[in-house]
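Engineer: Structure provided below as structure tokens; questions to follow.
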Amino acid sequence: MIDDLDIDLTPVVAEQPDPLLLATVSGAHLYGFPSQDSDVDLRGVHLLPAADLVGLREPEETRSRTWVRYGVELDLVTHDLRKFVRLMLRRNGYVLEQLLSPLVVHTTDAHRELAALVPGVLTSHHAHHYRGFAVTQWRLFEKTGELKPLLYTFRVLLTGIHLMRSGEVQAHLPTLLDQVDAPGYLPELIAAKAQQEHGTADVGHARVEADVERLHGVLDEAQAASALPDAPGAQDALHDLVVRLRLQG
Numbered sequence: 001m002i003d004d005l006d007i008d009l010t011p012v013v014a015e016q017p018d019p020l021l022l023a024t025v026s027g028a029h030l031y032g033f034p035s036q037d038s039d040v041d042l043r044g045v046h047l048l049p050a051a052d053l054v055g056l057r058e059p060e061e062t063r064s065r066t067w068v069r070y071g072v073e074l075d076l077v078t079h080d081l082r083k084f085v086r087l088m089l090r091r092n093g094y095v096l097e098q099l100l101s102p103l104v105v106h107t108t109d110a111h112r113e114l115a116a117l118v119p120g121v122l123t124s125h126h127a128h129h130y131r132g133f134a135v136t137q138w139r140l141f142e143k144t145g146e147l148k149p150l151l152y153t154f155r156v157l158l159t160g161i162h163l164m165r166s167g168e169v170q171a172h173l174p175t176l177l178d179q180v181d182a183p184g185y186l187p188e189l190i191a192a193k194a195q196q197e198h199g200t201a202d203v204g205h206a207r208v209e210a211d212v213e214r215l216h217g218v219l220d221e222a223q224a225a226s227a228l229p230d231a232p233g234a235q236d237a238l239h240d241l242v243v244r245l246r247l248q249g
């Protein structure tokens, strides 16, 4: 049971066809701006048997399912361990946020071992991930005027800046407000999003555009000055972990 959600998600783990090494909550609940009718984004890592990877059939390296339980829409996406680790090595901020999410539905020793290796995969190039996502969400905001993509725009920019400066993956927008020079109106937008999932942003376009452009510049500067390495260094450790867990499984 995750207190913030007030629903028991543990049965979801038991229903999976292969063992889950981890399952966490991502999306708006992780980012700190869920609304009353937000769905629950569950993300995880499953462990396929070795026969599924060496045989002739295509393995289910990614599984996706959406359904309703307790009156809440649940969205579950899991990757096989090997695919997940490859994503970790591709400057993919999403999977690192999922791996480090404090909203844990299911955990194992393998989860903790993967999380411990995150510092070895972080690079200054992770800024590209957050920069690209911010551009995509900003375009969506300009098209729809909705508050949700605007908050996503600010969230990923602030996450990227904080990561470049500190080497810490922090996806929770309210926490980031205290750690990065963020626009003062963001708490009001977060409160508004809590009331309506698809509400419009009650803030001047020119104002937010200027702040988004400013934060893009801050991200560029933070990347240029970052102490993070140019390439990940944990490939061998992750390879050994994947092999060991596969053989144990």
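In this text, residue positions in the sequence shown follow full-length UniProt numbering: the first is 1, and each later residue adds one.
The beta carbon of each residue, even a glycine, is placed where N, CA and C say it ideally should be.
Is there contact between the region 200 to 210 and the region 95 to 104, where contact requires at least three CB pairs shorter than 8 Å?
Structural biologist: In short, these stretches do not touch, since the Cβ pair count stays below three.
Engineer: Going by DSSP, which residues form a beta bridge with ARG63?
Structural biologist: Paired residue(s): THR78.
Engineer: For the alpha helix (DSSP H) containing HIS126, name the first residue and the last one.
Structural biologist: Taken as a continuous stretch (DSSP letters only), the alpha helix (DSSP H) holding HIS126 covers 126 to 144.
Engineer: Quick one: any contact between the region 66 to 80 and the region 110 to 126, if contact means 3 or more CB pairs under 8 Å?
Structural biologist: Contact between the region 66 to 80 and the region 110 to 126 is absent, because fewer than three Cβ pairs lie under 8 Å.
Engineer: By Cβ distance, which residues of its chain are closer than 8 Å to MET1, with the 5 residues on each side in sequence left out?
Structural biologist: Model confidence at MET1 stands at a pLDDT of 44, short of 50, so the residue's coordinates are unreliable and nothing is read from them.
Engineer: By the DSSP assignment, the beta strand (DSSP E) with LEU56 in it spans what residues?
Structural biologist: Looking at the DSSP string, LEU56 is not in any beta strand (DSSP E), and its letter there is neither H nor E.
Engineer: Helix, strand or coil, according to DSSP, for VAL212 in the structure here?
Structural biologist: Correct three-state label for VAL212: helix.
Engineer: Sorted by chain position, which residues of the same chain lie with C-beta nearer than 6 Å to ARG160's C-beta, five sequence neighbours on each side aside?
Structural biologist: With the sequence shown as reference, residue 160 is identified as Gly, and Arg is not the correct amino acid for it. Excluding sequence neighbours, GLY160 sits near ALA127, TYR130, LEU219.
Engineer: ALA225 by DSSP, collapsed to three states: which one?
Structural biologist: Helix, per DSSP.
Engineer: Just confirm the distance between the C-beta atoms of PHE133 and VAL156, as a whole number of angstroms; I'd bet it's less than 8 Å.
Structural biologist: Contact holds; Cβ gap of about 5 Å.
Engineer: If you run the structure through DSSP and keep just helix, strand and coil, what is GLU15?
Structural biologist: Residue state, collapsed to three classes: coil.
Engineer: Over the uninterrupted beta strand (DSSP E) stretch that includes ALA23, give me the two end residues.
Structural biologist: Counting along the chain, the beta strand (DSSP E) containing ALA23 begins and ends at 20 to 26.
Engineer: Skipping 5 residues on each side, what residues in its chain have a beta carbon closer than 7 Å to that of HIS111?
Structural biologist: LEU21, LEU22, listed in sequence order.
Engineer: Using C-beta distances below 7 Å, list every residue in its chain close to THR200, excluding the 5 sequence neighbours before and after it, in chain order.
Structural biologist: Cβ neighbours of THR200 beyond the five flanking positions: GLY145, GLU146, LEU147.
Engineer: Given a cut-off of 9 Å, decide if ARG86 and LEU53 are closer than it, judged by their beta-carbon atoms.
Structural biologist: No.
Engineer: Hey, how far is the Cα of TYR94 from the Cα of ALA115?
Structural biologist: The straight-line gap from Cα to Cα measures roughly 14 Å.
Engineer: ALA194 to ALA50, Cα distance in whole Å?
Structural biologist: Each residue's alpha carbon lies about 44 Å from the other.
Engineer: Do you know how far the Cα of VAL180 is from the Cα of THR24?
Structural biologist: So the two alpha carbons sit approximately 26 Å from each other.
Engineer: Using a Cβ-Cβ cutoff of less than 7 Å, which residues in the same chain neighbour GLN196 once the five nearest sequence positions on both sides are dropped?
Structural biologist: Contacts found: SER35.
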